[in-house]
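Numbering (the working numbering), first residue to last: 8 to 832.
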């Protein structure tokens, strides 16, 4: 790239792996805590807990009243300081009722905070001139690649580290407060939480855990919020209050704050005998009666001069019921609201039947779980890759822990495309969206294989038509819709990837005939002249049909043919292997000859004007989608290497928008003002259809990461890194949440294409059939290190060139899994 064309200086593109920090004004920050398929809560940049999405429904804006942590310090001279362990609120403050009582905004908070993360850990450093101590928060939920069960615990560990920089001892108390939200049904007109049934809290102790266990009574069996919650502290001397005072108005809050601040401990109960408000005797208004069931725990210690203490808490939950289906319509959501639905149980609920059992497991297995999580975090960030590249790969792991993904009781893994504020978007583990995602396959291959088994063994009909949305996987009637050409063929490519990552021949054999039937369906439906290029109407991820020849879908077909030939050969199915191989070679040659215009691949369609929603002579960012998938699956090139490079270069040249204000379109806007991004299609040589395909002017991070991966594999490093950095610059915590890249909903699946960037930059290749892995770093090759995961083990790879001899020394560390039979080549 020429200097004048650069959006970023080289020093920024090739920066070290320093991670961003986010000030308290970064209101969009929401770091997810919770396991795979368990629901989640989030930590904000002020250190607050928000986005309570634990009730088996998306709820990104949910707050849980009276839920917070607080600190009290007492110095030798008797000076007492007490504050909520959050930094002060930031504007805007415009609320019709002011801040609600249950938000406790009237209690003092710390003056400032900064949030940072090294996945799966989040850190919040607090600053406050009044406190005689320094305090920080580290929170995490165990996350260990290749161990889906221990990465699927419904809860979070929160540790407040208190340091005493003075030369005098300071008595410190840290209290945690949690509202019992069992039976939650929503919010009323004043944004006050509403419930069904009755809520019960009880004091619990086991081992060194002390805390409050929360449940419900008189609840419908199928209620999604029928379950349990817990707040625990790892301190045998802790004081516990199962219930705040059940008085009128703000009696409970006033009583708690006075109890905590008076001596830094909690009385187990409290009562009031003084006469209250007469109106409360006449009316049942929620604001007159403190109807919340809030429990609290408190740990008190003396922090020595120059010393520090760790206050460790756990918040856990278990809500077994989820809707047996994909409620994404007005009618379905209304039925859920009215309780008219069947349920299916969450996988995690079989392991943790209640919240206290999850807390006990976190405590009893703490050393192992934290060691594994810390080992992954250290390995992932011990790299010579730029920090924003690590952010792209790591921050989108949170899709797995978001409401987008879930596991049902038999262990099967499923997912939406994304989730909106209160509902899922895009049902049924949509194949043409999940095509882009690479994260799950490499970090948790058993979950990815469960999706392939569902798609081939349950969702593929006898004629080879694969439903592109999973319904049978939930025991429902099959999705009745057109077949998706990109989704169906992409699933064959992804099956090949899973087979190579696992080396599981039984996995291949049990699905082989279904794979063949899928390929035959493609031949009979889209490649009717059997020339290796698709010509018939192809339903694609743009929610429309593309007609004629498009390299977007035909490259996926070529990758599927190449993968099928290799699998057939391995199974000694020579006749099919030869057929697939011949078809691939013919198709690759023909597609390149008729579709490549010297710069990029165009759509070949006679009488384009007769069809709406096409792209014709446009430069499509998805034009090499099958090549992207082939690279990530280890299939190599499906089109001539030099043409792939030229087309990738053209995608960047024509489709990368430097300033959003200069780009005119009528679609949804995902970049604004001076922001940069890659748009799905432009028409640099003219010929733009009157009505191009829907979404043509939008910016989808999944496509951006796909294009960046292609650029990097083609050696166009500056261009690829520019695309990635532009994405992450937009997700700066102020404008957008770094841990939720959106498209059709939050935590969008396609964003997990970001792991492809890591594969491309490291040049990682794998094959469990031969027990080999290899690396070809694209940057810093003379002194390089990076995380790797090959489906059975993970660790760190190092290579360093000897300055004297020029010899390259390679070292592979296996930190987890079965690595004895792995060779680096």
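Just so it is clear, CB atoms sit at the ideal spot from N, CA and C, and this is done for glycine as well.
**OP:** Using alpha carbons as the reference points, say which of 646, 625 and 750 lies closest to residue 693.
**Re:** For residue 693, the closest alpha carbon among the candidates 646, 625 and 750 is that of 625.
Original post:
Do residue 308 and residue 277 have their C-beta atoms within less than 9 Å of each other?
Top reply: no
Subject >> alpha helix (DSSP H) segments (min. 4 residues) lying fully within the region 163–204 >> reply: none
Subject >> Whole beta strand (DSSP E) elements within the region 387–456, 3-residue minimum >> reply: 412–414 and 420–422
Original post:
So residue 28 is in the beta strand (DSSP E); what residue range does that whole segment cover?
Top reply: 28–30
Original post:
With distances taken from CA atoms, which of 598, 354, 371 and 36 is nearest residue 214?
Top reply: 371
**OP:** Select from 48, 479, 757 and 33 the residue whose C-alpha is nearest the C-alpha of residue 57.
**Re:** 48
**OP:** With a threshold of 16 other CB atoms inside 10 Å of the CB of residue 664, please say whether the residue is buried or exposed.
**Re:** buried
**OP:** Only counting runs of 3 or more residues, tell me where the beta strand (DSSP E) segments fall wholly within the region 321–379, in order along the chain.
**Re:** 328–330 and 350–352
Subject >> Proximity of residue 595 and residue 651 at Cβ, strictly below 9 Å >> reply: no
Original post:
If we count Cβ pairs, one from each stretch, closer than 8 Å, do we get three or more for the region 420–427 versus the region 528–535?
Top reply: no
**OP:** Let me know if residue 284 comes out buried or exposed under the rule of 16 or more other beta-carbons within 10 Å of its beta-carbon.
**Re:** Exposed, since its Cβ has fewer than 16 Cβ neighbours within 10 Å.
Original post:
From which residue to which residue does the beta strand (DSSP E) around residue 494 run?
Top reply: Note, residue 494: premise wrong, no beta strand (DSSP E); alpha helix (DSSP H) at 492–509.
Subject >> residue 762, DSSP secondary structure in three states >> reply: helix
**OP:** Could you check the C-alpha separation between residue 386 and residue 368 for me, to the nearest Å?
**Re:** 25 Å
Original post:
When the distance is taken between beta carbons, is residue 231 closer than 9 Å to residue 449?
Top reply: no
Subject >> residue 114 (DSSP reduced to helix, strand or coil) >> reply: coil
Original post:
Cβ of residue 438 within 9 Å of Cβ of residue 462?
Top reply: Closer than 9 Å, so yes.
Original post:
Enumerated in chain order, which unbroken segments of the beta strand (DSSP E) with a length of 3 residues or greater are wholly contained in the region 539–584?
Top reply: 545–547 and 551–553
Original post:
Quick one, are the C-beta atoms of residue 159 and residue 42 less than 9 Å apart?
Top reply: Result yes, Cβ atoms of residue 159 and residue 42 sit closer than 9 Å.
Subject >> Given 8 Å, three or more beta-carbon pairs between the region 289–305 and the region 152–167 >> reply: no
**OP:** Excluding the 5 residues preceding and the 5 following residue 127 in the sequence, name in chain order all residues of the same chain whose CB lies nearer than 7 Å to its CB.
**Re:** 147, 148, 150, 380 and 384
Original post:
Where in the region 710–777 do unbroken runs of the beta strand (DSSP E), each at least 3 residues long, occur, reported from the N-terminal end onward?
Top reply: 772–774
Original post:
Given a threshold of 16 other Cβ atoms within 10 Å of its Cβ, counted over all protein chains shown, does residue 429 qualify as buried or as exposed?
Top reply: exposed
Subject >> Runs of beta strand (DSSP E) wholly within the region 228–309 (minimum 3 residues, chain order) >> reply: 235–241 and 246–248
**OP:** Taking residue 610 and residue 541 to be in contact with their CB atoms under 8 Å, please state how far apart those CB atoms are, rounded to whole angstroms.
**Re:** Contact flag wrong, Cβ pair sits at about 11 Å.
**OP:** Please list, in chain order, all residues of the same chain as residue 777 whose beta carbon is under 7 Å from its beta carbon, the five residues on each side excluded.
**Re:** In its own chain, leaving out the 5 sequence neighbours on each side, no residue places its CB closer than 7 Å to the CB of residue 777.
Subject >> Local Cβ density within 10 Å of residue 816, reported as buried at 16 or more and exposed below that >> reply: exposed
**OP:** Could you check if residue 812 is buried or exposed, using at least 16 other CB atoms within 10 Å of its CB as the buried criterion?
**Re:** exposed
Original post:
Would residue 239 pass as a contact of residue 267 if the rule is Cβ separation under 9 Å?
Top reply: no
Original post:
Terminal residues of the continuous beta strand (DSSP E) containing residue 529?
Top reply: Run containing residue 529: none in the beta strand (DSSP E); it sits in the alpha helix (DSSP H), 512–532.
Subject >> residue 702 vs residue 675 beta-carbon contact at 9 Å >> reply: Yes, they are a contact pair.
Original post:
Would you report the Cα separation of residue 587 and residue 490, rounded to the nearest angstrom?
Top reply: 21 Å
Original post:
With burial defined as no fewer than 16 other Cβ atoms inside 10 Å of the residue's Cβ, what is the status of residue 831: buried or exposed?
Top reply: Exposed: under 16 other Cβ atoms inside 10 Å.
Original post:
Between which two residues does the alpha helix (DSSP H) carrying residue 779 extend?
Top reply: Annotation for residue 779: no alpha helix (DSSP H) segment contains it, though the beta strand (DSSP E) segment containing it runs 779–781.
Original post:
If you draw a straight line from the C-alpha of residue 666 to the C-alpha of residue 124, how long is it?
Top reply: 29 Å
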